[in-house]
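Those protein sequences? They're chains A and B, same order as listed. Read in the numbering used here, the first sequence has 33 at position 33, and its numbers run on one by one without any break. Read in the numbering used here, the second sequence has 77 at position 77, and its numbers run on one by one without any break. Every residue, glycine too, gets a C-beta built ideally from N, C-alpha and C.
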Amino acid sequence: MIEIKDVSKWYGSFQVLSHCTTHVKKGEVVVVCGPSGSGKSTLIKTVNALEPFQKGEISVDGISVGDAKTDLPKLRAKIGMVFQNFELFPHMKIRENLTIGQIKVLGRKPDEATERGLKMLDRVGLIAQKDKYPGQLSGGQQQRVAIARALSMDPIAMLFDEPTSALDPEMINEVLDVMVELAEEGMTMMCVTHEMGFARRVAHRVIFMDQGAIVEDATKDDFFGKPRSERAQLFLSKILHH
Amino acid sequence: MGDLDFGVIERSLPYLLKGLQYTVQLTLAAALGGTIFGTLLAMARLSSFKPLALAAAGYVNLMRSLPLLLVIFWFYFLVPVLAQTVMGWERPPQIGAERSAYITFIMFEAAYFCEIMRAGIQSISRGQVGAAYAVGLTYWQAMKLVILPQAFRNMLPVLLTQSIILFQDVSLVSLLNVTDFVGAAVKIAQRDSRIVEMYLFVAIVYFILCYTLSFMVKRLQQKIAIVR
């Protein structure tokens with residue numbers, strides 16, 4: 001589904017990604033972790049071309065992301081994305097947030113879009129909030145709406161960029177629960193997260209990044225059982241010792 | 001000063017009101033046109049296509065470095081002659097002072113509104129742009145539906161304040177012999193030798209209008225601040 005081949009990226013002379021190669025198969029859940037500044041957010045953003053890259057190749061569902069001829073808005077509409085800071089549109093009501101992409105990008109009729117959007121909102125347990133503005137919701141609620149917004153586009157895969165990092169601790173689980181449910185339903189997911197409990201529960205593979213490179217790309221059991229690289233061992237010992 | 005005759009105001013009121021009407025029309029047209037062209041200029045200045053960004057920046061910096069009065073004279077006196085030379089016409093085109101004023105003010109204000117809208121667009125986080133693109137919106141859709149509505153809202157008090165300044169600046173067109181509010185008053189004042197009465201009246205009207213508008217902008221600013 002998602003193929004990343006030998007991708008490198010520079011900001012000026014500073015290399016943020018170096019020779020990254022990995023893939024996400026259909027129905028697979030892949031967790032990307034690593035210390036801050038390791039390039040994991042940058043890598044996930046190259047998948048839907050929010051970040052350009054200079055070398056290598058990425059394809060999603062057989063379509064090349066880096067090709068100048070690719071219709072990027074059309075490609076992005078197929079991939080749902082959830083951001084660290086939610087990024088709901090603050091000047092629109094929740095229901096408008098859920099329908100704008102469906103109407104403007106997919107060309108659905110407003111009634112149809114509303115029906116689909118509200119169904120997704122109900123799914124994340126927030127149907128009662130449909131006429132509120134994002135600013136009136138808690139962080140956890142906003143993130144669940146953001147997931148519903150992505151899902152209402154009927155994506156073929158979902159990208160999560162540290163979806164719980166900006167949340168207060170008591171709100172993290174309500175978002176993770178939604179993500180676990182999605183994973184169990186067979187959604188193709190690529191998640192940048194530090195939530196190792198989530199990774200243990202639903203991930204098929206774990207990718208560990210450091211200094212712009214993919215250091216470890218292993219099945220979940222291998223990764224948590226016996227990580228090969230020293231840096232991954234160190235990282236795990238730091239975040240798991242509680 | 002002993003024999004002031006304020007009856008002159010009442011007698012010339014229809015003429016003065018016609019002048020005020022022109023002033024208001026020109027202000028509204030320049031504010032609207034300035035906002036539209038200013039927004040396009042701001043998008044050009046922020047474009048990643050360098051030649052476009054440079055051209056827009058050059059235009060804005062040029063306009064902002066020239067006195068408004070000079071630009072008004074340029075458009076009225078020199079541009080028709082330039083057009084004649086470039087196009088090889090027999091005579092300079094007759095644009096007329098009133099139409100010239102509309103073009104001048106829209107083009108001049110566009111430069112100032114551009115800088116306001118540029119600040120407004122830059123006040124929206126990169127994440128909002130990313131979210132708009134991630135949903136599948138194109139550049140123009142993202143601008144129209146996500147970025148500009150928020151930028152416009154954030155900058156509304158500044159845009160209105162600039163419009164109040166514009167309302168006062170419009171009086172400069174009286175130097176082209178256009179009958180705006182000030183122009184009308186000047187003509188009556190000279191015809192009837194009632195300079196003190198007319199200039200006092202114009203000052204009071206300007207003060208009341210501008211002060212009221214400023215007060216309303218202040219209220220609006222507080223209201224927006226609470227909602228956010």
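Going by beta carbon distance, what residues of the same chain come within less than 7 angstroms of residue 228/B, once the five residues before and after it are set aside?
-> Position 228 of the second sequence, counting from 1, holds the residue named residue 228/B. With a pLDDT of 48 at residue 228/B, under the threshold of 50, the modelled position of that residue is not reliable, and the figure given next carries that caveat. Annotation for residue 228/B: no residue places its beta carbon closer than 7 angstroms to its own, counting only its chain and skipping 5 residues before and after.
If you follow the beta strand (DSSP E) that residue 9/A is part of, which residue opens it and which one closes it?
-> The count along the first sequence starts at 1 and reaches residue 9/A at position 9. Residue 9/A -> beta strand (DSSP E) spans 2–11.
Does the distance from the CB of residue 20/A to the CB of residue 208/A come in under 8 angstroms?
-> As a position in the first sequence, residue 20/A is number 20, starting the count at 1. As a position in the first sequence, residue 208/A is number 208, starting the count at 1. No; because the gap between Cβ atoms is not below 8 angstroms, this pair is not in contact.
Which residues does DSSP pair with residue 160/A in a beta bridge?
-> Here residue 160/A refers to the residue found at position 160 of the first sequence. For residue 160/A, which the question treats as bridged, DSSP gives the partners 82/A and 191/A.
Does DSSP put residue 161/B in a helix, in a strand, or in coil?
-> The residue you call residue 161/B lines up with position 161 of the second sequence. Three-state DSSP puts residue 161/B in a helix.
Within chain B, partners of residue 101/A - CB distance below 8 angstroms | For the purposes of this step, residue 101/A is identified with residue 101 of the first sequence, where counting begins at 1. Within chain B, the residues near residue 101/A are 135, 136 and 137.
Taking the C-alpha atoms as reference points, what is the distance between residue 46/A and residue 10/A?
-> In the first sequence, residue 46/A corresponds to position 46, counting from 1. In the first sequence, residue 10/A corresponds to position 10, counting from 1. Their backbone Cα atoms lie some 12 angstroms apart in a straight line.
Identity of the residue in 213/A, 223/A, 103/A and 215/A nearest residue 203/A by Cα | Sequence index remark: in the first sequence, residue 203/A carries index 203 (1-based). Checking every option, the nearest Cα to that of residue 203/A belongs to 223/A.
Check residue 57/A in the structure and name its three-state DSSP category.
-> On the first sequence, residue 57/A is found 57 positions in, with the first residue counted as 1. Residue 57/A: strand per DSSP, three-state reduction.
If you measure from the beta carbon of residue 153/B to each beta carbon in chain D, is any gap under 8 angstroms?
-> As a matter of chain content, chain D is missing from the structure shown, whose protein chains are A and B.
Please name the residue or residues paired with residue 33/A in a DSSP beta bridge.
-> Numbered from 1 along the first sequence, position 33 holds the residue referred to as residue 33/A. In DSSP, residue 33/A forms a bridge with 208/A.
Would you decide whether residue 177/B is buried or exposed? Buried here means 16 or more other CB atoms lie within 10 Å of its CB.
-> Looking up residue 177/B in the second sequence gives position 177. Flag for residue 177/B reads exposed.
Report all residues from its chain with a CB closer than 6 angstroms to the CB of residue 39/B; omit the five preceding and five following residues, and keep chain order.
-> As a working note, residue 39/B is residue 39 in the second sequence. So the list reads 117, once near-sequence residues are dropped.
With a 10 Å radius around its C-beta and 16 neighbouring C-beta atoms as the bar for buried, classify residue 116/A as buried or exposed.
-> For this step, residue 116/A is matched to residue 116 along the first sequence. By the neighbour-count rule (16 or more Cβ atoms within 10 Å), residue 116/A is buried.
Using the rule of at least 16 other Cβ atoms within 10 Å of the residue's Cβ for burial, across every protein chain shown, is residue 190/A buried or exposed?
-> Position 190 of the first sequence, counting from 1, holds the residue named residue 190/A. Result: buried.
Once you ignore the five residues that flank residue 227/A on each side, which residues in its own chain have a CB closer than 8 angstroms to its CB?
-> Walking along the first sequence from the start, residue 227/A turns up at place 227. Closer than 8 angstroms at Cβ, skipping near neighbours: 208, 216, 218, 233 and 236.
Helix, strand or coil at residue 228/B [DSSP, three-state] | The sequence position of residue 228/B within the second sequence is 228, counting from 1. At residue 228/B the pLDDT is 48, less than 50, meaning the model places this residue with poor confidence and gives no usable figure here.
Closer than 9 angstroms by beta-carbon distance: list the chain A residues that pair up with residue 183/B, in chain order.
-> Here residue 183/B refers to the residue found at position 183 when the second sequence is read from its first residue. The premise fails here: residue 183/B is roughly 42 angstroms from chain A at the closest Cβ pair, so nothing lies under 9 angstroms.
Proximity to residue 14/A [Cα-Cα], best of 211/A, 231/A and 238/A = Along the first sequence, read from residue 1 onward, the residue named residue 14/A stands at position 14. Answer by Cα proximity: 211/A.
For residue 5/B, which three-state DSSP category applies?
-> Here residue 5/B refers to the residue found at position 5 when the second sequence is read from its first residue. In the displayed model, residue 5/B falls within coil according to three-state DSSP, outside both helix and strand.
Name the residues in the region 72–85 of chain B whose C-beta lies less than 9 angstroms from a C-beta of chain A; which are they?
-> Listed by position, the residues of the region 72–85 of chain B near chain A (Cβ gap below 9 angstroms) amount to none.
Sorted by chain position, which residues of the same chain lie with C-beta nearer than 7 angstroms to residue 129/A's C-beta, five sequence neighbours on each side aside?
-> Along the first sequence, read from residue 1 onward, the residue named residue 129/A stands at position 129. Around residue 129/A: 94, 137 and 141.
Touch check for the region 4–17 of chain B and the region 189–207 of chain B: three-plus C-beta pairs under 8 angstroms?
-> Contact between the region 4–17 of chain B and the region 189–207 of chain B is present: three or more C-beta pairs spanning the two stretches fall below 8 angstroms.
Hey, does residue 50/A have any beta-carbon neighbour from chain B nearer than 8 angstroms?
-> Along the first sequence, read from residue 1 onward, the residue named residue 50/A stands at position 50. Cβ-Cβ to chain B under 8 angstroms: yes for residue 50/A.
Measuring CA to CA, which of 82/A, 88/A, 74/A and 25/A is closest to residue 150/B?
-> Translated into the one-based positions of the second sequence, residue 150/B becomes position 150. With distances taken between Cα atoms, residue 150/B lies closest to 88/A.
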